[in-house]
Every structure is written in structure tokens, then in C-alpha cells.
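Since the structure comes first, as C-alpha cells, the remarks are kept for the end.
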Amino acid sequence: MNKSPLTIKGYVTAVPRSVDARQARVAVIQDDVEYRIVPRGAGVDLDDEVSLTVEVTGQHEEVDGVNYLVVRGYTVLEDDSWLEE
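Converting from the sequence shown to my numbering requires adding 313 to each position, the first position being numbered 1.
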């Protein structure tokens, strides 16, 4: 599995645990693409940010058509004007 660095902006949404083999509890949605957050490191903290817009950096990996992100850091965005770009 090839991991590549990625930065995304989107909103945090809950993922039912039973759906995901890696136990992702949240995902970040950008442009209708779901990036499931691997619950390690900074990704664990995103559980408390559901429904907020964030900018997330981390290592992206696609497994069986599912996008995963191992979060290295994130920022909660106060200004959501980027959505209209």
C-alpha cells in the first residue's frame, strides 16, 4: 500500500464503527470524497470535531476503494468561505 502526503479541507462526519475494518469513527468529506480518519495520533482528536470544517494534513492511503488518512495535524477553520471557491 502506497502512502502519499495529502492536505484536505472539509467537514468532519461520524462513521458507524461496524462499517469500517480499521475502526475509523470519523471521516472528513471534501468535494463529495470521504477520507476515513485512522484513529491514531492526531486523528483521535478529530472525534471531538464532528460537524466542524477543518484543514487536515496526513498520509493518504487507498485500500479497496476506501480512502484513509493518518492525520499528522489539523486546524479547525473559522472561515468557511473556501467552500465557495
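Even for Gly, the Cβ is constructed at its ideal location relative to N, Cα and C.
Kindly indicate the opening and closing residues of the beta strand (DSSP E) around residue i.
i	result
Arg-338	From DSSP, Arg-338 is part of no beta strand (DSSP E); its letter is neither H nor E.
Ser-317	317–327
Arg-330	That residue, Arg-330, is in no beta strand (DSSP E); it is neither H nor E in DSSP.
Val-346	346–350
Using the beta-carbon count (16 or more within 10 Å), is residue i buried or exposed?
i	result
Val-351	buried
Val-341	buried
Gly-323	buried
Gly-399	As displayed, the chain neither begins before 314 nor continues past 398, which places residue 399 out of reach and without an answer.
Val-363	exposed
Beta carbon of residue i, beta carbon of residue j: below 8 Å?
i	j	result
Tyr-381	Arg-338	no
What distance in whole Å lies between the Cβ atoms of residue j and residue i, which are believed to be in contact at a cut-off of 8 Å?
i	j	result
Arg-349	Val-328	6 Å
Would you call the region 365–376 and the region 315–326 touching, i.e. three or more CB-CB distances under 8 Å? With the cut-off at 8 Å, the region 365–376 and the region 315–326 touch.
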